[in-house]
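Below is one structure, written out as structure tokens; the observations come after it.
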Amino acid sequence: MYERILKRMSFLFVLVLHGVVQGQRLPLNKAISLTLANYPSIRAREAQVRSGMASVVETRDRRLPSLNLFEQVDAGTSNNLGAAYFSGGIVPSVSGVSARPESIGTVSTGNIGVAYLQWQATNFGGYKAGIREAYSRLKVDSMDLGRERFYLSGIVLQSYLDLIRNYELSLIQLENLRRADTIRLAIRNYVVSGMRPGVDSSLAEAEYSKAQLTYLDIYNSYKQSKVQLSLLTSLDTTAIGPELSNDSLLLGALSSRSYQDSVRSHHPFLDYFHSIYENSQAREQLIRKSYMPKLYVLAAGWVKGSSINPNGTLDKDLGTGLGYSRSNYLFGLGITYDLFDLRREKDRLNVQQYQTEAALHNYEEQEQSLKNADLQAAVNLRTAVDKFNEIPIQLSAASDAYRQRLTQYNAGLSNIIDLTNALYVLNRAQTDLINTKDGVWRAIVQKAYADNGINQLLSILN
Numbered sequence: 050m051y052e053r054i055l056k057r058m059s060f061l062f063v064l065v066l067h068g069v070v071q072g073q074r075l076p077l078n079k080a081i082s083l084t085l086a087n088y089p090s091i092r093a094r095e096a097q098v099r100s101g102m103a104s105v106v107e108t109r110d111r112r113l114p115s116l117n118l119f120e121q122v123d124a125g126t127s128n129n130l131g132a133a134y135f136s137g138g139i140v141p142s143v144s145g146v147s148a149r150p151e152s153i154g155t156v157s158t159g160n161i162g163v164a165y166l167q168w169q170a171t172n173f174g175g176y177k178a179g180i181r182e183a184y185s186r187l188k189v190d191s192m193d194l195g196r197e198r199f200y201l202s203g204i205v206l207q208s209y210l211d212l213i214r215n216y217e218l219s220l221i222q223l224e225n226l227r228r229a230d231t232i233r234l235a236i237r238n239y240v241v242s243g244m245r246p247g248v249d250s251s252l253a254e255a256e257y258s259k260a261q262l263t264y265l266d267i268y269n270s271y272k273q274s275k276v277q278l279s280l281l282t283s284l285d286t287t288a289i290g291p292e293l294s295n296d297s298l299l300l301g302a303l304s305s306r307s308y309q310d311s312v313r314s315h316h317p318f319l320d321y322f323h324s325i326y327e328n329s330q331a332r333e334q335l336i337r338k339s340y341m342p343k344l345y346v347l348a349a350g351w352v353k354g355s356s357i358n359p360n361g362t363l364d365k366d367l368g369t370g371l372g373y374s375r376s377n378y379l380f381g382l383g384i385t386y387d388l389f390d391l392r393r394e395k396d397r398l399n400v401q402q403y404q405t406e407a408a409l410h411n412y413e414e415q416e417q418s419l420k421n422a423d424l425q426a427a428v429n430l431r432t433a434v435d436k437f438n439e440i441p442i443q444l445s446a447a448s449d450a451y452r453q454r455l456t457q458y459n460a461g462l463s464n465i466i467d468l469t470n471a472l473y474v475l476n477r478a479q480t481d482l483i484n485t486k487d488g489v490w491r492a493i494v495q496k497a498y499a500d501n502g503i504n505q506l507l508s509i510l511n
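Residue 511, in the working numbering, is where the sequence shown stops; the numbers in between run on with no holes.
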């Protein structure tokens, strides 16, 4: 029975160990590059930037003239009568025929072809204002893409730190499980030989079971970290494993950081909110220019045929109206201005000016938020470094205490409670080491995120 249980536990131990070490190493820079290349929010914003580029071209092409070609063949009666009226866009016209004393039902034919050109030669700055506004919208889209890339880089960094932390904690708990198993087997031999009471064996079994449960929890967190990175990078979880950090990288990152509490002016978040403010200003200018007078160049040429003779008689051959017998052309300049646009311009401008004011306050809020985050990150980093410098003392003392308690227990000078307490203190010290190192890294990332130092940090980690 004992051998069967031992073999089963050994198999479980090997299986768990295999689960911890499986997975290829995924470098941090590769994880970030894959995320920035494949994540849907990045692709959506890239498409939005392309849309903004197309919008600039579309706005620029509004300056092109319109040239309409029109051809019409008609057959019907031609009874005219003098009177003034508004056509309303639906009343047909009977032109070139004098009023008759009576209405007749004889059919006549007509044919007309028209080429009409209209070009808005100038709107006194409206075109330029429209193009500037389109470019400012493109800038908003570009800054939004940059902000999303920066944000996702930070998310990948945090997720990668989770992966490293949970991986290292799983190794610590695996080591603790080995120690608990060694103690359990040794105490079992002592109990069998009558050197220790049976309760020691029960306590050792309980401690070993507790170590297993703790390990399973940590390993589950490690697998969850892999799932999170898989979501970001689009890689299978089997292809995700951490490249472990080392103290030299940590020291290099610490030495390169500036502890001045100042946010860099060109932070992606600030650039985005400032571009919104600039776009709102461009919209104000566009509104002002959109109500300026508009000067048009007009030109038209047309040809016409009719089965009605110049003297007003109707030609019985309807085919004579299908050809062209007359031609004309016309050139002109036109200017339009709606006097009531002054009030409409004022109303729209008031709305836009308030939106500009709101955009400015949003920018100031973001700037203040980043400054506060930078100050908090600096405080957190100093505290994390102090803790990191202190942790070796705790770890050394805990290791010494465990070795001494184990020696004393084997010599019969200590009890199982003292030994398990020493085992717990050592495990806690090793766990604190991982958590403290993780705290330093997170403080560095927080500082880099607040003052736009993510790229600088990544270059150090290469």
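Ideal placement from N, C-alpha and C gives every residue a C-beta, glycine not left out.
With distances taken from CA atoms, which of 136, 161, 135, 115 is nearest residue 372? Taking the first residue of the sequence shown as 1, we reach residue 372 at position 323. If you compare the alpha carbons of 136, 161, 135, 115 with that of residue 372, the shortest gap goes to 161.
Expected contact under 8 Å - CB spacing of residue 267 and residue 219 to nearest Å: Stepping through the sequence shown from its first residue, residue 267 is reached at position 218. Stepping through the sequence shown from its first residue, residue 219 is reached at position 170. Indeed they touch by this definition, with Cβ atoms about 5 Å apart.
Under a three-way DSSP split, which group does residue 321 fall into? Position 272 of the sequence shown, counted from the first residue, corresponds to residue 321. The DSSP-derived three-state label of residue 321 is helix.
From residue 494 to residue 203, what does the alpha carbon distance come to, in whole angstroms? If you number the sequence shown from 1, residue 494 lands on position 445. If you number the sequence shown from 1, residue 203 lands on position 154. One C-alpha to the other measures close to 8 Å.
Is the segment 254-264 in contact with the segment 230-238, if contact means three or more CB pairs nearer than 8 Å? Below 8 Å, enough C-beta pairs join the segment 254-264 and the segment 230-238 to call them touching: three or more.
If you run the structure through DSSP and keep just helix, strand and coil, what is residue 465? Here the question's residue 465 lines up with position 416 in the sequence shown. Of the three classes helix, strand and coil, the one that applies to residue 465 here is helix, per DSSP.
Would you mind giving the Cβ-Cβ distance between residue 213 and residue 291, rounded to the nearest angstrom? I have them listed as a contact below 8 Å. Here the question's residue 213 lines up with position 164 in the sequence shown. Here the question's residue 291 lines up with position 242 in the sequence shown. Yes, residue 213 and residue 291 are in contact; Cβ-Cβ is about 5 Å, under 8 Å.
Would you call the segment 387-407 and the segment 330-350 in contact, with 3 or more CB pairs under 8 Å? Segments in contact, yes.
If you drop the 5 nearest sequence neighbours on each side, which residues of the same chain put their C-beta closer than 6 Å to that of residue 444? In the sequence shown, the residue the question calls residue 444 occupies position 395. Closer than 6 Å at the Cβ level, and outside the excluded window around residue 444, lie 478, 482.
Are at least three pairs of beta-carbons, each pair with one atom in the segment 350-364 and one in the segment 445-460, less than 8 Å apart? Touching, no, given that fewer than three Cβ pairs across the two stretches are closer than 8 Å.
What's the call for residue 405, buried or exposed, on a 16-neighbour Cβ count within 10 Å? Here the question's residue 405 lines up with position 356 in the sequence shown. Result: buried.
State the Cα-Cα distance for the pair residue 274 and residue 178, rounded to the nearest angstrom. Counting from one through the sequence shown, the residue named residue 274 turns up at place 225. Counting from one through the sequence shown, the residue named residue 178 turns up at place 129. Each residue's alpha carbon lies about 50 Å from the other.
Determine the direct distance from the alpha carbon of residue 81 to that of residue 280, and round the result to whole angstroms. For the purposes of this step, residue 280 is identified with residue 231 of the sequence shown, where counting begins at 1. For the purposes of this step, residue 81 is identified with residue 32 of the sequence shown, where counting begins at 1. Going from the Cα of residue 280 to the Cα of residue 81 covers about 12 Å.
If the criterion is Cβ atoms closer than 9 Å, does the pair residue 210 and residue 487 meet it? Position 161 of the sequence shown, counted from the first residue, corresponds to residue 210. Position 438 of the sequence shown, counted from the first residue, corresponds to residue 487. Yes.
Taking Cβ positions, are residue 489 and residue 433 nearer each other than 9 Å? Position 440 of the sequence shown holds residue 489. Position 384 of the sequence shown holds residue 433. It is a contact, given that the beta carbons lie within the stated cut-off.
Mark residue 395 as exposed unless 16 or more other C-beta atoms lie within 10 angstroms of its C-beta, in which case mark it buried. Against the sequence shown, residue 395 aligns to sequence position 346. In this structure residue 395 is exposed. Its beta-carbon is surrounded by fewer than 16 other beta-carbon atoms within 10 angstroms.
I'd like to know if the segment 334-351 and the segment 381-395 are in contact, where contact means that at least 3 CB-CB pairs between them fall below 8 Å. The answer is yes - the segment 381-395 touches the segment 334-351, with three or more Cβ pairs under 8 Å.
With DSSP as the reference, please indicate the residues paired to residue 125 in a beta bridge. Along the sequence shown, read from residue 1 onward, the residue named residue 125 stands at position 76. In the DSSP output, where bridge partners are listed per residue, residue 125 has 157.
Name the residue from 115, 379, 123, 192 whose alpha carbon lies nearest to the alpha carbon of residue 319. Stepping through the sequence shown from its first residue, residue 319 is reached at position 270. Of the candidates 115, 379, 123, 192, the one whose C-alpha sits nearest the C-alpha of residue 319 is 192.
Indicate the three-state DSSP secondary structure (helix, strand or coil) for residue 292 in the structure shown. Residue 292 sits at position 243 when you count from the first residue of the sequence shown. Residue 292: coil per DSSP, three-state reduction.
Within the same chain, show all residues whose beta-carbon is closer than 8 Å to that of residue 391, passing over the 5 residues directly before and after it, in chain order. Against the sequence shown, residue 391 aligns to sequence position 342. Short of 8 Å from the beta carbon of residue 391, and not among the five residues preceding or following it, lie these beta carbons of its own chain, in chain order: 340.
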